[in-house]
Structure formats: C-alpha cells, structure tokens
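Protein chains: 2
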Amino acid sequence: MSTAKKPNPARRSERSRQAILDAARELVSEVGYAKVSIEAIAARAGVGKQTIYRWWRSKGAVVFDSFLALSEGAHGEGMALPDTGDIEADLKVVMRATVAEFADPDFEAPIRALNTEIINDPDLAAQYREKLADPVDEAKKVRLRSAQRAGQIAADADLDLVLELLYAPLYQRWLHRSGPLTSEYADALVDLTLKAFRP
Amino acid sequence: MSTAKKPNPARRSERSRQAILDAARELVSEVGYAKVSIEAIAARAGVGKQTIYRWWRSKGAVVFDSFLALSEGAHGEGMALPDTGDIEADLKVVMRATVAEFADPDFEAPIRALNTEIINDPDLAAQYREKLADPVDEAKKVRLRSAQRAGQIAADADLDLVLELLYAPLYQRWLHRSGPLTSEYADALVDLTLKAFRP
DNA sequence: CTCTCAAGACGAGACGTTACGTCTCGTTGT
DNA sequence: ACAACGAGACGTAACGTCTCGTCTTGAGAG
Numbered sequence: 015m016s017t018a019k020k021p022n023p024a025r026r027s028e029r030s031r032q033a034i035l036d037a038a039r040e041l042v043s044e045v046g047y048a049k050v051s052i053e054a055i056a057a058r059a060g061v062g063k064q065t066i067y068r069w070w071r072s073k074g075a076v077v078f079d080s081f082l083a084l085s086e087g088a089h090g091e092g093m094a095l096p097d098t099g100d101i102e103a104d105l106k107v108v109m110r111a112t113v114a115e116f117a118d119p120d121f122e123a124p125i126r127a128l129n130t131e132i133i134n135d136p137d138l139a140a141q142y143r144e145k146l147a148d149p150v151d152e153a154k155k156v157r158l159r160s161a162q163r164a165g166q167i168a169a170d171a172d173l174d175l176v177l178e179l180l181y182a183p184l185y186q187r188w189l190h191r192s193g194p195l196t197s198e199y200a201d202a203l204v205d206l207t208l209k210a211f212r213p
Numbered sequence: 015m016s017t018a019k020k021p022n023p024a025r026r027s028e029r030s031r032q033a034i035l036d037a038a039r040e041l042v043s044e045v046g047y048a049k050v051s052i053e054a055i056a057a058r059a060g061v062g063k064q065t066i067y068r069w070w071r072s073k074g075a076v077v078f079d080s081f082l083a084l085s086e087g088a089h090g091e092g093m094a095l096p097d098t099g100d101i102e103a104d105l106k107v108v109m110r111a112t113v114a115e116f117a118d119p120d121f122e123a124p125i126r127a128l129n130t131e132i133i134n135d136p137d138l139a140a141q142y143r144e145k146l147a148d149p150v151d152e153a154k155k156v157r158l159r160s161a162q163r164a165g166q167i168a169a170d171a172d173l174d175l176v177l178e179l180l181y182a183p184l185y186q187r188w189l190h191r192s193g194p195l196t197s198e199y200a201d202a203l204v205d206l207t208l209k210a211f212r213p
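Here it is in structure tokens:
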C-alpha cells in the first residue's frame, strides 16, 4: 500500500500551471537547459516551489510539458501531409521543411534539451512517442499508404522502416553535428529511400 | 591576452590521471551518469578535487575521456572489417554484432551518458567524431570501397550517406527505445541500404 | 652520471555559494 | 471547510575556488 497522498487535480490552479510552463520555456531559451533550476522557474513564475514539486517529478518533466504545450492544438487535420500524387515531390517538400526547422537557432536549444531528457528517462521517452512522435508519424504514414496504393512504394513495405530511413540520418546528423543539413541532403535521402522501397 | 595560468603537462601525474579515469568509469556503471559527482570521483580516486579541475573543464569531459581510454589501442589493424567478397553477408555480420553490442546492459549506461554529453557540448562532439567515430567509419568505408570496385555498390555512391542509412536508424531506435533491435532488423537495414545504392 | 633543490603538481579539505527536496507557515479560492 | 497556494526556512549535497603542507620531478651543479 503506498502511503503517498495524492493532490486533487480538480483544485489545481490553471493560472499557476501556465505561469510555470511559460517560465520554464523562457528560461531554457535564455540560459540553456542545463542552467535552469526549479527554484528559478518558481521565482520567475511567481509560484511556490512546492507547487512545482506537487505536480511534476523532475525538472525534465516540467520542461518536457512546457514543450508539449507548444505543439498542442497542431494535432487536428492541419498536420496532414500534401498529396499531389507525386510521392517524391511531396516528401521532398516535407523533408526540406524539416531541414529548415532544424536550422532555426530558436529551436536548437529546446530540441536538444528535449533529447537529453528523452535519452535518459524511459518514462519521458514513452510520453514523447505517444504525444508527439506517434501522431506525427501516423500523419506521414497516411501519405505513404496513398503512395503504396499508387504503386510508388512496395505494397509490403514496413512504413516504420521507411520513416526511419528518411528521418534517422537527418536526425543523427543534426544531433551529432556531423555534417551540413541542406536541401540537397534532404532530396538525397528521399531519392535513396524511394529507391530502397521501390516495388 | 588570456591571463589563464597553464599547468605544465610534463609534470602531470600519470598515476592520478589513471585513477581518476578508472574511478569515473566505475562510478558511472555503479550509480548512473547523472548521479556521479566530481567530489565522488576525487574521493574514489584518492585525489584532490583541484587535480581534476586542473586538467578537465567539466564532469562530462572526465567521463568522456574515461570512455575514450577504453577504446584506445583498438585502433590498429584489428578493426578492419571482414572482406569475403560478399558485401551483403559481410555487412550483416557487422550489423548483427552492433545490434548485439547495443543489447548489452553493461554498455547501456555509458553510451547513453556519452550521448547526453555529446548532444549539448559541441567541443566534446568534435572530439568524439575525431577520436572515435571517424576512425571507425573509415574502416567501414575501406570495405565499402572494395564493394564499389566489385560493382556491388554504385561507383558514385557517397559513402558517408551509405553509413548513415545503415547506422542512423539503428542508433535512433536504440536511443529513443522506439522499437526492438533484432538480427532481422539489422538484416533489413543492410538489404534496404544495398538496394538504395545498387549500381 | 649522480646529486641537489626550487618549481609546481599533488592530497586534503575549508570555504562561500547554489540548488536540491522537504517542511512549515499563513493566505486564498472554490 | 479544506486543500492548493505563495513564501521561504531548513538540512544536505555538490559546486568551483582557495590555501595549506607534502611529494615529485626535471634542469643545473658538481
């Protein structure tokens, strides 16, 4: 029997929750993830430390939630990929957009922070996949299935594998800073992946 | 003009250096990277804290060096890949070995710790590529060039791209715990990559 | 080639600081 | 009313700097 007393979520202060999430996001951008402390988040949010410890189990969880809140609401129909009937062209558009996104310095710090936490915390990793990665991947798979029906991709292709071949090299190059992320690189990945999964 | 006084490396105590590196490696295995402190390393090594701060600029740098020391000496001819003339078979052997390595719990903690540091410290990332990744990649490229001469891989293939297609999906799957790492998976990556780069 | 011997790296640990996570306090809001 | 709240005190841990003597070492003297 766990003696843990559970706070009542119904009485939770939405104002404080928002202030904490905002403060966390701001601080990560300003001083970098490693230098952010829970005390600093509490001070910036004008909140008692206990209010943070009551609802989150670590700094990583707070920061993770603050990022999650950002991309919420983007989970409607707006995330459907373009479908012109030309899978190569459509994928290149999407991959080039991803490259551009990774090049934005404003995304650099938060995404690296996110990855740092995900690597070391299986719980957060699961939450990340469930709330962020899986929905986005599913949207991409919708487009890939359409390509399968059009005979542009092998009908028996493992779509998870397709996505890995497309995105993992890009992701690794960015994470390790092991090479330039250019439009040409994005195009090359699309060409190679389509060749690998050609019917 | 930097006013920093530089310690004289010629007078450095090799005994202390080794003790620190050993202590760091042990502690990471025992309690996990996040919970390792410089004070604990110093205590375990029987060394003054200043001796650590004198030669390393952060905990990450110490731990990184301790891993680096492990794989030193493996940089001879012993790291050449098998070359039976059959690139598919040879790559599958190597990839299956990599999968097995990643599955070893003893490697789990150190490699995740290493990646945590590399993501957030461009300096360590550069050192990692120079001292570890590049030499290993070069050995793999030797085998790939042999395959190119044998007409098993397109002569104009970008070998860095070949390696990324092979390893990045594996690496990402392990890092994010987003799927099982099996021999079948390793084989699939080899098959797909070879198809993508077929002449 | 051996013998000094000062420079400086060393082990130990004190120091002030920061942040941790827990724990009261009154206060506020539902 | 009661539980979550803002505020902040508390003991602990580790930070990075610093000052002690002590021990090592390499360059010059013999």
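As you go down the protein sequences, you meet chains A and B in turn. Whatever position you read off the first sequence (first residue = 1), add 14 for the working numbering. Whatever position you read off the second sequence (first residue = 1), add 14 for the working numbering. For every residue, glycine included, the Cβ atom is placed at its ideal position computed from N, Cα and C. Quick caveat: nothing in here was measured; it's all calculated off a predicted structure.
| Query | Result |
| --- | --- |
| Go ahead and label GLN32 of chain A buried or exposed: buried means 16 or more other beta carbons lie within 10 angstroms of its beta carbon, across all protein chains shown. | exposed |
| Determine, for GLN186 of chain B, whether the minimum Cβ-Cβ distance to residues of chain A falls below 9 angstroms. | yes |
| Would you say VAL257 of chain A and TYR47 of chain A are within 9 angstroms of each other, going by their C-beta atoms? | Any property of residue 257 of chain A remains undetermined from this structure, which presents chain A solely from 15 to 213. |
| Is the CB of SER192 of chain A under 9 angstroms away from at least one CB in chain B? | yes |
| Which stretch, first to last residue, makes up the alpha helix (DSSP H) that contains LEU41 of chain B? | 28-45 |
| Under a three-way DSSP split, which group does VAL61 of chain A fall into? | coil |
| Please classify LEU203 of chain A: does DSSP put it in a helix, a strand, or coil? | helix |
| Using the Cα positions of PHE211 of chain A and VAL50 of chain B, report the straight-line distance between them to the nearest angstrom. | 45 angstroms |
| Helix, strand or coil for THR112 of chain B per DSSP? | helix |
| Buried or exposed: PRO183 of chain B, going by 16 or more other Cβ atoms within 10 Å of its Cβ? | buried |
| Would you decide whether ASN129 of chain A is buried or exposed? Buried here means 16 or more other CB atoms lie within 10 Å of its CB. | buried |
| Let me know if GLY62 of chain A comes out buried or exposed under the rule of 16 or more other beta-carbons within 10 Å of its beta-carbon. | exposed |
| Is there contact between the segment 101-116 of chain A and the segment 185-200 of chain A, where contact requires at least three CB pairs shorter than 8 angstroms? | yes |
| Give the single residue among B:PRO124, B:ALA164, B:ASN134 and B:GLU86 whose Cα lies nearest to the Cα of THR98 of chain B. | B:ALA164 |
| Determine the chain B residues that contact ASP174 of chain A at a beta-carbon separation under 8 angstroms, and present them in chain order. | GLY193 |
| Return no unless some Cβ of chain B is closer than 9 angstroms to the Cβ of GLU178 of chain A. | yes |
| Judging by CA-CA distance, which residue of A:ALA59, A:ALA200 and A:LEU158 is the nearest neighbour of ARG29 of chain A? | A:ALA59 |
| Tell me, please, whether the CB atom of LYS145 of chain A is closer than 9 angstroms to any CB atom in chain B? | no |
| Can a CB atom of chain A be found closer than 9 angstroms to the CB of PRO149 of chain B? | no |
| Tell me which residues of the segment 152-169 of chain A have at least one Cβ-Cβ distance to chain B shorter than 8 angstroms, keeping chain order. | none |
| Taking only beta-carbon atoms, is ALA117 of chain B less than 9 angstroms away from chain A? | no |
| Under 6 angstroms Cβ to Cβ from ASP137 of chain B, same chain only, skipping five residues before and after it: list those, please. | none |
| Based on Cα-Cα distance, which residue from A:ALA37, A:ILE167, A:LEU206 and A:ASP151 lies nearest to ILE101 of chain A? | A:ILE167 |
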